[in-house]
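Residue numbers (the UniProt record's numbering), protein chains in the order written: chain A, 1 to 1086; chain B, 1 to 353.
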């Protein structure tokens, strides 16, 4: 966590309530509120070094090496020159520091605005449309209309927090208290529409703003691989400890049996009184020598690899969405390989699977069906590019982007069909849309829900143009004629009522109620005289539902003036009541909304995003289980699921759990569970479970999970954001698998945070999901690429890297162990100290980095074509404890070969000029050169994708080793520092020996040929490898993909916007005065 | 869905092979046609090479004699008894008699071999000061701390050369006498004691300090020899080019061995009649027995050996190549069998399909 955040948290803990005064500089300065500069970066130029170093040494691995460094400074223990640890540590620290610095520099900085309280604006009626696109979606607010120059106003409000939808405070002005809620707060990062100016009081500044409070990631996600690595490092520590222990015992025995008698030539050190003391010291000496078992560069290399692979995601053009100009973005650079292991995907529906763009598609007016497209012979045809659109040129105010294909409706409008006119009039009046008209005739609608926008736009194009509104008037241009309707009341939408109504007084002085709402509700409220019309309309509604359209019924009622006056009074009373206000209000509303006259029904198309069904089919093939968690009702969710191919054609089972209490749900789940076993047996994958939120409420977690995990897909409806997170947590807790949550709205945030990987769709509903996610992109279909291509590669690369990295360090380090048995357990190293210093940092780092940044076993086309290739990642087959043990065994074998072959060869051996070659320095050189050849050959064997860079890195490193060799062993350097560079003339004298090269060839063959055999035989016994090989063999010509047929969409009725509407606000021009408390409309309170 | 061309370019990632991970690449595949021949070829090549190595090593003659003098093993036991206790030992001589029935082909090299001597012990092998040995006058009088306890004498004089390695310099000496005919006179065989160390060692790495008034002894003035040494370093040899730090025996000894059993070159026999080897006849090696090894259970050996293109006798590499070559071929056959069976199985599967 950054320092800034922690500071502000400290302050928060003290600050419970915030007081401030308008224009009261003196008072405000007492509290020491931060200024409005935002520091999203962690470091400044000055504090970078100390702060970064401090943070780095908090990591266990770095601290360990610091301790090692101190151990090395003790002369009795020191077995290696100090620089063997210092240089790698410095390099690691500086690489990490550079990475941190770059990460810090690219932090995103928003514009200079603070969270402020809206006091007044240019709009006379005080309605301000705020597009908080980046945060929590659009809203309309109405400022308190306070005098501009008030100086005595005081505000008491809550301390800064990260809840975007919550704000409470009290404004005291001239002795009067005004309640403040979040609707009055203009957040940093929002855009104000249709308003020229506004006055506000700044409440939160800089780091206290809601935006900044939301920026910090609350949880630090770690991958399964991180956890595995920690366990393995622990294992290595134990292994290291036991090796040191064995060697220390060996040393004790040796000193006792031999060293004691060898004291003529090698007296014991001053403080060493017995072999036991010596053994204790040697334990630590070996601890230093064998420290390379836990490679210092492991963590930094892992970070670099993840970092690089994250950049590939940012750079991917196929995940770039041109219409919005948004590339995919990896906001977290630490989770890459987990993308290759995903087993469960939890997806939101609206805005994620669908575009959240609503299009007015069909309607039924007075029993007549409009919107079908027929050709000249009267046959029904599909809408395509060539289909002729209806010409709206007669209407100057029409929206040019709107398209409709059925001419009969326009003809009906032109003819002056009364019911059609009334239908569109009701659409243009009954809504909470705001309009903006900056240029004469160019209307822009700001709608809270896209459904409403679509309906009002449709009415506009057919000639009933909603032009502007105040809190008391609605101006409509009816077929070119401007009319002003007096708005008497808005009976707002909520999820229980599922309808909204407006009551207006027409220019003809009639009081009319227009209502639209869910067919299931509205059909109960109709006047008995419309029964036959209702039946016809219901038939049409069924047709709409089959096509998967979202439907609404529209009705009206003409009111008696006296009746309305009476009702209005009741309404005012209900508004003012303090207890059960909501219930009382809906009772009052119900009184009004009855005996409605049916006008017709609308059908809106909720468009799926591009490529969603294909993506889900691919993910299904990759055995990724798709769970749709939605707040929508069951029918909608099921129909979207059909359209998205979650129910594939082969899937025959759809189980709906409908119980409303624990016992019934339990019974149903049990029944399903038994069903799976008795009837379906191996068909179990072909089922989809549909759950209601009730199923989660009881104490049924395990039963639910047991049944749900048998299914290929699960659809959970009616979920609150919290329940979404609960579902994710449930799967995370009981299944050891990687989960991914994808969503776009504020209501998905908890789920995104809960899952191992959170993906945010940067789309319609604001940026909150994105801010909390680990990866973002604009289109759902990018998920396929993210997982199957980037995820799979990242996982494979990470696994190859880890296997190789552990192997190379085991092979490197364990040679010391064998040498101990021949050097009196004296902590003598096999290699020259410079080789130890450079081995991990210089000689072997680039090839393995190249491998883990460029390697690809099969190219992206094959990855997508054979989703089965994703399978090994889900079971973590490429790197696990077993693979680690394999690496260890392989490393032990290599180190044995690396030690004993040179030992046998140089034992009592001489050169062709009679001078001996059995000296320590020759032996070192032979072993280290052989080691480097072996590990280079090993990585060459592991590399499947040889780019130019791989060649340069791999062979270049080996060549570089020889150059370094000649440099380090050169006369000049050695004469300058004879103590540090003792290997003078070594390269010259040893590299020309035939023995040396014979040894190297023998060692390389002994170490590599078995691996070649293993790699050759592995695919014969492991089919997935075989498939990969097959793909590699044909990597040039993947057959062209046959386009998936678009599954027939079967979706049913749907009602309305998800959120409670703004009705109250719009009419609040008068309602506000009486109202002290106004309820928060929270998207979380569905 | 309108957007301007400039806006489109704003965030669109670059279309390069690198960023799109489309770098042209070579994707080798380990197929049967590569793996199996590789095994067989490697096996055959190794067996061939192994045979060559084995025979060339076998052709080398070696003659060695353990003169440690454990009781009942020749006439060095008397000296060994005398050396029962601590260094410095008495000056003691013993001899090794041997006869050659035929010519021991040359060039012949004379080695001494020590066993159980841990020159590779870390404390031992760091106990030296390379700066001092490179002839730096300042380092001469200020030996490095690593040399302790052979850094300074009790008198405070700096030891040159300092350290445990120098102190334990091998100080037995050998002379070789040849009797052509039985009863004939023993003729001393000339031993070339130069050219036994690496050129880089005695010309670059080891250097005497600059002469003072033309005298090496004065250059070492103010230093003391290591405690075990009977004479100072500048008197190691009367030859001014082979004394002091660049004395070749010393240089050879200072190049520490990797393993506790090691040979070091003592002399080359390549002069006069002996340039083609040691002719047949009787020989005596006179040994000046100074070096104590029995205390730590070590052995001293004297070795005559000749050389092939590959160096000295060491059958290890040849045998290792033969074994590995055979293993390769064996593994190749095993893999071939597995592969053929797998192919058959696959064909059957395909037939079934």
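No residue lacks a Cβ here, since even glycine has one placed at the ideal position from N, Cα and C.
Between residue 413 of chain A and residue 443 of chain A, is the Cβ-Cβ spacing less than 9 Å?
no
Rounding to the nearest angstrom, what Cα-Cα distance links residue 252 of chain B and residue 53 of chain B in this structure?
27 Å
From the DSSP output, in three-state form, read off residue 597 of chain A for me.
strand
Flag this pair as yes or no: are the beta carbons of residue 288 of chain A and residue 79 of chain A separated by less than 9 Å?
yes
Helix, strand or coil for residue 249 of chain B per DSSP?
helix
Along the chain, which unbroken stretches of the beta strand (DSSP E) at least 3 residues long are found entirely within the region 768-855 of chain A?
775-777
Chain B contact residues for residue 893 of chain A, given Cβ-Cβ distances below 7 Å
Per Cβ cutoff of 7 Å: no residues; residue 893 of chain A is ~14 Å from chain B at best.
CA nearest to the CA of residue 499 of chain A, picked from A:430, A:441, A:459
A:430
When you compare only the Cα positions, how much space is there between residue 261 of chain B and residue 52 of chain A?
51 Å
Residues sharing a beta bridge with residue 159 of chain B, DSSP
B:224
Within 9 Å of any Cβ in chain B, is that where the Cβ of residue 982 of chain A sits?
yes
What are the residues that DSSP puts in a beta bridge with residue 360 of chain A?
A:604
Determine, using beta carbons only, whether residue 264 of chain B comes closer than 9 Å to chain A.
yes
Residue(s) in a DSSP beta bridge with residue 627 of chain A:
A:346, A:714
Inter-residue spacing [alpha-carbon to alpha-carbon] between residue 795 of chain A and residue 324 of chain B
36 Å
Can you list, in chain order, the residues of its chain with a C-beta nearer than 6 Å to that of residue 714 of chain A? Leave out the 5 residues immediately preceding and following it.
627, 689, 708
Going by the DSSP bridge assignment, what does residue 515 of chain A pair with across the sheet?
A:501, A:555
Work out the CA separation of residue 504 of chain A and residue 529 of chain A for me, nearest whole Å.
23 Å
Answer with yes or no whether the minimum CB distance from residue 344 of chain B to chain A is below 9 Å.
no
Since residue 567 of chain A and residue 591 of chain A should fall inside the 8 Å C-beta cutoff, what is the C-beta to C-beta distance between them, to a whole number of angstroms?
7 Å
Give every residue of the same chain whose Cβ lies closer than 8 Å to the Cβ of residue 830 of chain A, excluding the five residues on either side of it in the sequence, and list them in chain order.
815, 816, 819, 899, 923, 924, 927, 928
Measure from the C-beta of residue 781 of chain A to each C-beta in chain B and report whether the shortest distance is under 9 Å.
no
From the beta carbon of residue 606 of chain A, is the nearest beta carbon of chain B less than 9 Å away?
no
Ignore the nearest five residues each way along the sequence and tell me which others in residue 100 of chain A's own chain have a CB closer than 7 Å to its CB.
52
Report yes if the CB atom of residue 790 of chain A is closer than 9 Å to the CB atom of residue 610 of chain A, and no otherwise.
no
What residues of chain A sit near residue 130 of chain B, judged by a beta carbon separation below 8 Å?
978, 979, 982
Please determine whether the Cβ atom of residue 432 of chain A lies at a distance below 8 Å from any heavy atom of the ligand ADP.
The ligand ADP is not part of the structure shown, which contains no ligands of any sort.
Proximity test, Cβ basis, 9 Å: residue 421 of chain A and chain B:
no
Within the chosen definition, does the region 330-349 of chain B reach the region 1010-1021 of chain A through at least 3 CB pairs nearer than 8 Å?
yes
Assigned exposure category for residue 300 of chain B - 16 Cβ within 10 Å defines buried
buried
Comparing alpha-carbon positions, which option in A:22, A:114, A:270, A:341 lies nearest residue 792 of chain A?
A:341
For residue 424 of chain A and residue 403 of chain A, I'd like the C-alpha separation in whole angstroms.
16 Å
With a threshold of 9 Å between beta carbons, is residue 125 of chain B in contact with chain A?
yes
Just to confirm the assignment, what range does the beta strand (DSSP E) spanning residue 114 of chain B have?
108-115
Rounded to a whole number of angstroms, what is the C-alpha to C-alpha distance between residue 335 of chain B and residue 326 of chain B?
14 Å
Along the region 816-827 of chain A, what residues have a CB closer than 7 Å to any CB found in chain B?
822, 823, 824, 826, 827
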